[in-house]
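In what follows, a single structure is set out as structure tokens and then discussed.
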Amino acid sequence: MSGVDPQSVPGPGPGAIADQLRGVLDGATVAASGAGATGGDGPVPLEDLRRFRRDLEVAADRAVALLDGHSPTEDVGEGPAAIGLPLRLPKGRVIALTDCERFAFASARPDPAPELDDPPLRLLAGRALDVYVEHEIVEGPIGHPLEDLLSWLDAEGEHDVRDQVIAAGDRLQLERLASAARAWSGLAPSWWPRTQARAAVHLADGLVLCEGRTDVELGGPLAGRPAVVVEVKLGRPHAHHLAEATHYALLTALRDGRAPAAVARWYPGGALATMSVTSEVLESAARRLGAAIDAWAELAVGRPPRERPGPACSWCPDAGVCPSFAPAPDPFGVDA
Numbered sequence: 213m214s215g216v217d218p219q220s221v222p223g224p225g226p227g228a229i230a231d232q233l234r235g236v237l238d239g240a241t242v243a244a245s246g247a248g249a250t251g252g253d254g255p256v257p258l259e260d261l262r263r264f265r266r267d268l269e270v271a272a273d274r275a276v277a278l279l280d281g282h283s284p285t286e287d288v289g290e291g292p293a294a295i296g297l298p299l300r301l302p303k304g305r306v307i308a309l310t311d312c313e314r315f316a317f318a319s320a321r322p323d324p325a326p327e328l329d330d331p332p333l334r335l336l337a338g339r340a341l342d343v344y345v346e347h348e349i350v351e352g353p354i355g356h357p358l359e360d361l362l363s364w365l366d367a368e369g370e371h372d373v374r375d376q377v378i379a380a381g382d383r384l385q386l387e388r389l390a391s392a393a394r395a396w397s398g399l400a401p402s403w404w405p406r407t408q409a410r411a412a413v414h415l416a417d418g419l420v421l422c423e424g425r426t427d428v429e430l431g432g433p434l435a436g437r438p439a440v441v442v443e444v445k446l447g448r449p450h451a452h453h454l455a456e457a458t459h460y461a462l463l464t465a466l467r468d469g470r471a472p473a474a475v476a477r478w479y480p481g482g483a484l485a486t487m488s489v490t491s492e493v494l495e496s497a498a499r500r501l502g503a504a505i506d507a508w509a510e511l512a513v514g515r516p517p518r519e520r521p522g523p524a525c526s527w528c529p530d531a532g533v534c535p536s537f538a539p540a541p542d543p544f545g546v547d548a
């Protein structure tokens, strides 16, 4: 077994995800039936969604006021070249800030350290898995794992990733990843399956941008059905994965004005790990996002980043110079 994934793949055969999602979506439909699939508040009261947005607007206004009159951060400590308005909080940055501020700050540099130019195999394997799942949903079965992947990356303009895939060769075990992705075949068109859907919340009149793209979405207001958001993951389940899934639940809820019925994580070789979306789930995600907005604004005006050793140390650009560095005990225990 290569260093891509210690778990056994491919696991469930073709159509397995469709069967599992059918159960999730049918359950969501039953849960929503009291208000109707498209009417009412959905799984989370609208007043709660409005409250979450108000709280985030307060955090965003606070961040804008802090940055007002400050020039964009220029080489503050070991930070990125510039942080200014609009303040950008993509999903990865929000999660990174909760993990270690120095990691988040260092990762925002426009030019990564030379030793990080060659990505770990798990990053390439994770991208390959994303492509194979999207291919199954959008175009159908994968005929040739390597050629289909290279063609997809070319079409997306990811030429550097294409070259890295070629250089990695058999170490990526593309055939096994493509076989695992067959579990995504056969999704019902009536559930409106879509990939890489934009999920964005703009706060403070567009001066604070919280953006991301979901791996897979099904249902939703335009489909006249409850929504389910699925994150595709490589490796072993990790707390970061759940945080990412609930973050997307918050973004899609604020985007649509209606919370998804459930979020799920899928790991090749395994079943869906699903969780119902409740007010408590979204409130926790909103607090995390609000704290990230505060922290990123404070870092932008010169506060030194706090260091917190953990799994991210293994691929932090500052790993060689950070006094708090501690290697992760399991390189497969975090997001691919």
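Each number in this note's numbering comes from the position in the sequence shown (counting from 1) with 212 added on. Built from N, CA and C at the ideal position, the CB exists for glycine as well. Bear in mind that the values here come from a model prediction, so they are computed numbers and not experimental data.
Original post:
Can we say the segment 493–505 touches the segment 258–276, given the rule of at least three CB pairs closer than 8 Å?
Top reply: yes
Original post:
How would you call A258, buried or exposed, if buried means at least 16 neighbouring beta carbons within 10 angstroms?
Top reply: Here the sequence assigns Leu to residue 258, which means Ala is not the residue at that position. Result: exposed.
Original post:
Which of helix, strand or coil does DSSP assign to E368?
Top reply: coil
Subject >> Within 7 Å, strictly: CB atoms of V493 and T458 >> reply: yes
Original post:
If you follow the beta strand (DSSP E) that W183 is part of, which residue opens it and which one closes it?
Top reply: Because residue 183 is not part of the residues shown, which for the chain are 213 to 548, the question remains open.
**OP:** Determine the contact status of I307 and E456, defining contact as a CB-CB distance below 7 Å.
**Re:** yes
Original post:
Would the beta-carbon of A483 be found less than 6 Å away from any heavy atom of the ligand MG?
Top reply: The model depicted lacks the ligand MG and carries no ligand whatsoever.
Original post:
Under the rule that 16 or more other beta-carbon atoms within 10 Å means buried, what is D280, buried or exposed?
Top reply: exposed
**OP:** For R518, count neighbouring Cβ atoms within 10 angstroms of its own Cβ and tell me buried if that reaches 16, exposed if not.
**Re:** Classification of R518: exposed, given that the 10 Å Cβ count is below 16.
Original post:
Which partner residues does V163 have in the DSSP bridge list?
Top reply: Given a span of 213 to 548 for the chain in the structure shown, any question on residue 163 remains unanswerable.
**OP:** Grab me the residues of G431's own chain with a C-beta within less than 7 Å of its C-beta, minus the 5 sequence neighbours each way, in chain order.
**Re:** Around G431, the same chain offers L237, W403, W404, R437, P438, A439, V440 as residues with beta carbons nearer than 7 Å, after the five sequence neighbours per side are excluded.
Original post:
Quick one: Cα of A411 to Cα of E368, how far?
Top reply: The straight-line gap from Cα to Cα measures roughly 19 Å.
Original post:
Going straight from the alpha carbon of Y460 to that of G424, what length do you get?
Top reply: 8 Å
**OP:** Return the chain-ordered ranges of every alpha helix (DSSP H) run that is complete within the segment 331–384 and spans a minimum of 4 residues.
**Re:** 333–350, 357–367, 371–380
Subject >> Neighbourhood of A228 by C-beta, 7 Å cutoff - its chain only, sequence neighbours within 5 removed >> reply: If the five residues before and after A228 are omitted, its C-beta is found closer than 7 Å to the C-beta atoms of A395, all from its own chain and listed in chain order.
Original post:
Helix, strand or coil: which one does DSSP assign to C525?
Top reply: Looking at C525 - three-state DSSP - the assignment turns out to be helix.
Original post:
What are the residues that DSSP puts in a beta bridge with A272?
Top reply: Looking at the DSSP assignment, A272 forms no beta bridge with any residue, so it has no partner.
Original post:
So, I349 versus A512, is the Cβ gap smaller than 7 Å?
Top reply: no
Original post:
So what does DSSP say about D423, is it helix, strand or coil?
Top reply: One detail in the question is off: residue 423 reads as Glu in this sequence, not Asp. Residue state, collapsed to three classes: strand.
Subject >> Through-space distance from V343 to V256, alpha-carbon basis >> reply: Each residue's Cα considered, the two are about 32 Å apart.
Original post:
Should P539 be labelled buried (16 or more other beta-carbon atoms within 10 Å of its own) or exposed?
Top reply: Exposed is the label assigned to P539, since fewer than 16 other Cβ atoms lie within 10 Å of its Cβ.
**OP:** Specify, as a first and last residue, the run of the beta strand (DSSP E) that S488 falls within.
**Re:** 485–488
Original post:
Can you name the start and end residues of the alpha helix (DSSP H) that H453 belongs to?
Top reply: 451–468
Subject >> Beta-carbon spacing of P523, D468 below 7 Å >> reply: No; because the gap between Cβ atoms is not below 7 Å, this pair is not in contact.
Original post:
For the beta strand (DSSP E) that L415 lies in, which residues bound it at each end?
Top reply: Taken as a continuous stretch (DSSP letters only), the beta strand (DSSP E) holding L415 covers 406–415.
Original post:
Do A316 and A509 have their C-beta atoms closer together than 7 Å?
Top reply: no
**OP:** Compare the Cα-Cα distances from A435 to each of A465, Q408, P401 and report the closest residue.
**Re:** P401
Original post:
Considering R305, what are the terminal residues of the alpha helix (DSSP H) in which it resides?
Top reply: 303–311
Original post:
Whole-angstrom Cβ separation of V552 and L361, contact assumed at under 8 Å?
Top reply: Because residue 552 is not part of the residues shown, which for the chain are 213 to 548, the question remains open.
Subject >> Cα-Cα separation between L399 and H282, rounded to whole angstroms >> reply: Rounded to whole angstroms, L399 to H282 spans 50 Å at the Cα level.
Subject >> One or two residues paired with L299 in a DSSP bridge >> reply: V420
**OP:** Could you name the residues of the same chain whose beta carbon sits closer than 7 Å to that of A465, not counting the 5 residues immediately before and after it, in chain order?
**Re:** V256, L261, A471, P472, L494
Original post:
Exposed or buried, V533, counting other C-beta atoms within 10 Å across all chains shown (16 or more means buried)?
Top reply: Exposed, since its Cβ has fewer than 16 Cβ neighbours within 10 Å.
Subject >> Of the residues D417, A409, G418, C422, the one placed nearest E429, counting alpha carbons only >> reply: A409
**OP:** Would you kindly report the start and end of the unbroken alpha helix (DSSP H) that includes D506?
**Re:** 491–512
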